[in-house]
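Participant: First the structure, which I've put down as structure tokens, then a few questions once you've had a look.
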Amino acid sequence: MHRILVVEDDRDLREATVRMLESLGHWASGVSSAEIALNRFIAGGFDIVITDVGLPGLSGLQLAEKLKEVVELPVIFASGLPAPPSLPSHFVWLSKPYTLAQVESALAAATRPGAF
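Structure follows, in structure tokens:
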């Protein structure tokens, strides 16, 4: 079981993602912005972050960089856009809209040995 922070400004998608993760046996909590995620984040409190890329304020990419200053953890980026070619190989890209199977696959990729 993983403790997963979901950062998504679309309330319906955020809640659906939390439910998907819970159905996979994980504990998940959702927030609507990178700023709230940073304020709520406690080193060791989460072991995976799934974040929308196009958030208001700080982007998901900026959030990942700020979190990296505090702790090393897998980050899964969710977006309706294609993955940028400059995306570091240790990040996982999850294309929206996504299915339960795609979320499960992204989690497996993010947590495989040597992933980050």
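Each number in our numbering corresponds to the 1-based position in the sequence shown with 21 added.
Beta carbons: idealized from backbone N, C-alpha and C, even for Gly.
#1: Report all residues from its chain with a CB closer than 8 Å to the CB of Leu94; omit the five preceding and five following residues, and keep chain order.
#2: Count Cβ pairs between the region 114-123 and the region 76-91 that sit closer than 8 Å; are there 3 or more?
#3: Consult DSSP for Leu26 and reduce its assignment to one of helix, strand or coil.
#4: Can you round the beta-carbon distance between Gly135 and Ser100 to whole angstroms, since I take them to be within the 8 Å contact cut?
#5: Measuring only from the beta carbon, is Ala127 closer than 6 Å to any heavy atom that is part of the ligand ADP?
#6: Any idea what DSSP makes of Ser107, helix, strand or coil?
Facilitator: The relevant details are as follows:
#1: Taking the sequence shown and counting its residues from 1, the one referred to as residue 94 is at position 73. Contacts found: Phe67, Asp68, Ile69, Val70, Leu88 and Phe137.
#2: no
#3: The count along the sequence shown starts at 1 and reaches residue 26 at position 5. In this structure, Leu26 counts as strand in the three-state DSSP scheme.
#4: Here residue 135 corresponds to residue number 114 of the sequence shown, with the count starting at 1. Here residue 100 corresponds to residue number 79 of the sequence shown, with the count starting at 1. About 24 Å; that fails the 8 Å criterion.
#5: Ligands displayed in this structure: none; no statement on the ligand ADP is therefore possible.
#6: Residue mapping note: residue 107 aligns to position 86 of the sequence shown, counting from 1. Looking at Ser107 - three-state DSSP - the assignment turns out to be coil, as it is neither helix nor strand.
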